[in-house]
Amino acid sequence: MTPRKPAVPAEQEALPEPVAPREPAVPAAGRARAWHAELAWLPGLGVRGDVLIEAAGDRFTTVTSDVGRDIVPAGALRLPGLTLPGLANAHSHAFHRALRGVTQAGRGTFWTWRERMYEVAARLEPDSYLALATAVYAEMALAGITGVGEFHYLHHGQGGTAYGDPNEMGRALIEAARRAGIKITLLDTCYLSGGLTADGKAQPLAGPQLRFGDGDAAAWAIRADALGADEHGLLGPGARAGAAIHSVRAVPPDQMHPVVAWSHSIGAPLHVHLSEQQAENNACLAAYGRTPAEVLFDCGALGPRTSLVHATHLTGRDVRLLGESRCYVCFCPTTEADLADGIGPAGSLASAGCLLTVGSDSQAVVDLFEEARRVELGERLATQERGNFTAQSLARAATIDGHASLGWPDAGEIVAGALADLVTVALDTPRTAGTQAAAALESVIFAAAAADVRYVAVSGTDVVVDGQHLLVGDVPAALSAAVRAVLR
Ligand SMILES: [Zn+2]
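Numbering (the working numbering), first residue to last: 759 to 1246.
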C-alpha cells in the first residue's frame, strides 16, 4: 500500500469558503403563494395538466387540475415541464462524495473501497465537514432532493475523543442541510465494533473507526438524547432525529435494545445496513448461527418505522420476516452496482409487504431518477421479465415512501395539507424532448437525469430556480473546494 501523507490538522487547512451562504428564506406564517404547473403528478390521479397549486406558509392548501392560464391568480409561478413532489434521498453518507472517481481507478473490492473511505473519514473535522456537506446537499437540491436521511456515524474527534459538544459533527450536518435549503433526518448511528472475523468474533474498533464509537449502546443513547429532540423527534425547523444500527457487523445483538428503545421513545425512524455483502452473512452465521435479518428480528429491531438498507443477500425466510414486519427497504442501486454488492430481491420484498425507498448512499452519483429506474432494471435483469415496477410505484419510492421512511409522512405528495415541496423537471432537454403528456412520468423516471431539474421549492420556499441554487450559488465551486480540502 502506498504510504499516505498524514492527515493535516483542521486548523491548518485552508477551509473552503467558496460563497458566503445566503440565509434561507423562512416562509412567513401563512404567506400565500401559488404555482401553475404545465403537468403535475398527483396522488391517485396520475399526471394532470394545468394544475394550480396553492400554499400558505410551508404547506399546500389547494390543488386543482385543468385551470386555464386566463384564470390563474396573478403572481402564480408558471412551471413548464412535469412537476413532482419533493424527492427523498433515504440513505446518504455525505462525506463519501469526496471519493467520487477516486475509487474507480484500478480494481478493488468493497473492502478496499472501505479503506479509502476511512482515509477521508480520518481527516474530517466539524468545519470541513460543514463545508463538504453543505456542497453535497446543494448538489442534492439541484437534483430535486428536498429531504435527506443522513446515516451519520462520524461522531468523535481523532482517536475517538469527544468534542466539547459530543454532537458537534451531527450539528454540522443539520446546519449544512439548512444552508442548502433541504430537510434532514439525522440518523444517528450506533457503531460499536470493527466487524466480525470470518469465524464470527467481534473485533474492537481500530484506527479511523475509533471516531465512530460511543463505547456501548447506553452511552450512544445518552449522546443521542443530548441532540435535544422534542417529543415528536424534531431538532428544529426542517430537521428531525432518527436512529441507526450500523449493521450486525458493528453492533452486537446484546447492544441493539437501547437503540431500538430510543427510537420508540420519540417515534423515530430506525435504519440499519442489512446483508450488503455475502461476507457479512457468512460472518453473522458463524458468530450467531442466524442471518443478519434473523438477528434483527430476534432483537425487536424490525417494524414499520424500520428501514433496511441494501437487503441484497436474503433468504426466503429473511424476505418474509421483513415483509411481515412491514419494514421499508432502501435500495441504493448505483452504489450497490459500484461496490459489486449484487442485486437485491426488490420484487419479492415488495410482494412480501415491504415498501421500497431509494438512496444515493456513497454518492457515486446523485440522481434519484437513476436510482429509481435501476430498481426496475435490476429486477428485469434478475428475472428476465419486464414490467415489475411501474413508473408510478418507482416515483412513490422516491417521494412519499422515502419521506415517510425518514419520519416525514406529511411530505412527498402534492396534496392539500402536505409540506409544500415541489420539483419541476424540464421536458425540453436532450433526454426528455418529445415527451407525450400521457407518458410524462414514464419519460422522467426512465430517461431523465438530475440535470433536467429546473425548479425546486422546499416547504414553500424557492431553493432552485432555472437550475440555479439560490442559497449556495456556485455549487460546483463549493464541491470542488470542499473535496480538495479533504483529499490532499
Ligand atoms: Zn450506507
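Beta carbons: idealized from backbone N, C-alpha and C, even for Gly.
Please read all numbers here as calculations on a predicted model, not as lab measurements.
With 16 other Cβ atoms within 10 Å as the buried cut-off, status of residue i
i, result
"residue 759", "Per-residue confidence for residue 759 stands at a pLDDT of 35, beneath the threshold of 50, marking its modelled position as unreliable; the derived number appears in the next sentence. It counts as exposed."
"residue 943", "buried"
"residue 867", "exposed"
"residue 763", "Reliability fails at residue 763, whose pLDDT of 36 lies under 50, so the model's placement of it is uncertain and the value that follows must be treated cautiously. Residue 763 should be labelled exposed."
"residue 811", "buried"
"residue 967", "buried"
"residue 769", "Residue confidence for residue 769 is low, a pLDDT of 36 falling below 50, so the modelled location carries little weight and cannot support an answer."
"residue 803", "exposed"
"residue 1305", "Residue 1305 is absent from the structure shown; the chain starts at 759 and stops at 1246."
"residue 1002", "buried"
"residue 789", "exposed"
"residue 767", "Summary for residue 767: the model assigns pLDDT 36, below 50, so the residue's position carries little reliability; its value from the coordinates is reported in the next sentence. Flag for residue 767 reads exposed."
"residue 1171", "buried"
"residue 1245", "exposed"
"residue 989", "exposed"
"residue 1098", "exposed"
Terminal residues of the beta strand (DSSP E) in which residue i lies
i, result
"residue 1204", "Per DSSP, residue 1204 belongs to no beta strand (DSSP E); it is in the alpha helix (DSSP H), 1198-1205."
"residue 818", "817-822"
"residue 1086", "1086-1089"
"residue 1211", "1211-1216"
"residue 983", "Careful: residue 983 lies outside any beta strand (DSSP E), inside the alpha helix (DSSP H) at 975-983."
"residue 912", "No beta strand (DSSP E) holds residue 912; DSSP gives it neither H nor E."
"residue 790", "790-800"
"residue 812", "804-814"
"residue 919", "Counting along the chain, residue 919 falls outside any beta strand (DSSP E), and DSSP gives it neither H nor E."
"residue 942", "941-948"
"residue 1003", "997-1003"
"residue 972", "Where residue 972 is concerned, there is no enclosing beta strand (DSSP E), given that its DSSP letter is neither H nor E."
"residue 849", "845-850"
"residue 994", "992-994"
"residue 1097", "First-last for residue 1097: undefined, no H or E at that position."
Unbroken alpha helix (DSSP H) run spanning residue i, endpoints
i, result
"residue 1319", "Outside the displayed range of the chain (759 to 1246) lies residue 1319, so it cannot be described from this structure."
"residue 1122", "Residue 1122 -> no alpha helix (DSSP H), and no H or E assigned at all."
"residue 1081", "1074-1082"
"residue 885", "884-900"
"residue 936", "926-938"
"residue 870", "868-881"
Cβ-Cβ separation, residue j to residue i (assumed contact under 8 Å), whole Å
i, j, result
"residue 935", "residue 941", "7 Å"
"residue 1228", "residue 817", "Actually they do not touch by this definition, with Cβ atoms about 21 Å apart."
"residue 890", "residue 855", "7 Å"
"residue 901", "residue 1124", "5 Å"
"residue 907", "residue 963", "24 Å between Cβ atoms; not a contact."
"residue 1054", "residue 1030", "6 Å"
"residue 797", "residue 1195", "6 Å"
Do the segment 1235-1245 and the segment 914-922 make contact, defined as three or more Cβ pairs closer than 8 Å? no
With three or more beta-carbon pairs closer than 8 Å as the criterion, would you say the segment 1106-1122 touches the segment 1154-1167? yes
Is it a yes or a no for the segment 1036-1054 touching the segment 956-967, going by three-plus beta-carbon pairs under 8 Å? yes
Taking only runs that begin and end inside the segment 1022-1067, name each unbroken alpha helix (DSSP H) of 4 or more residues, in chain order. 1036-1046, 1050-1056
Quick check: the segment 1123-1137 against the segment 1091-1109, are at least 3 beta-carbon pairs closer than 8 Å? yes
Alpha helix (DSSP H) runs wholly inside the segment 1111-1167, at least 4 long, in chain order: 1126-1141, 1149-1156, 1158-1163
Can you find at least 3 beta carbon pairs, one from the segment 1196-1204 and one from the segment 839-850, that sit closer than 8 Å? yes
If we count Cβ pairs, one from each stretch, closer than 8 Å, do we get three or more for the segment 863-883 versus the segment 943-953? no
Count the CB pairs spanning the segment 1164-1179 and the segment 843-850 that are closer than 8 Å, and state whether there are at least three. yes
Please confirm if the segment 1063-1075 is in contact with the segment 1093-1106, defined as three or more CB-CB distances below 8 Å between the two stretches. yes
Take every Cβ of the segment 1145-1156, pair it with every Cβ of the segment 829-836, and state whether three or more of those distances are shorter than 8 Å. no
Determine, using beta-carbon pairs with one atom in the segment 1213-1222 and one in the segment 852-862, whether at least three such pairs fall under 8 Å. no
Would you call the segment 1028-1037 and the segment 979-988 touching, i.e. three or more CB-CB distances under 8 Å? no
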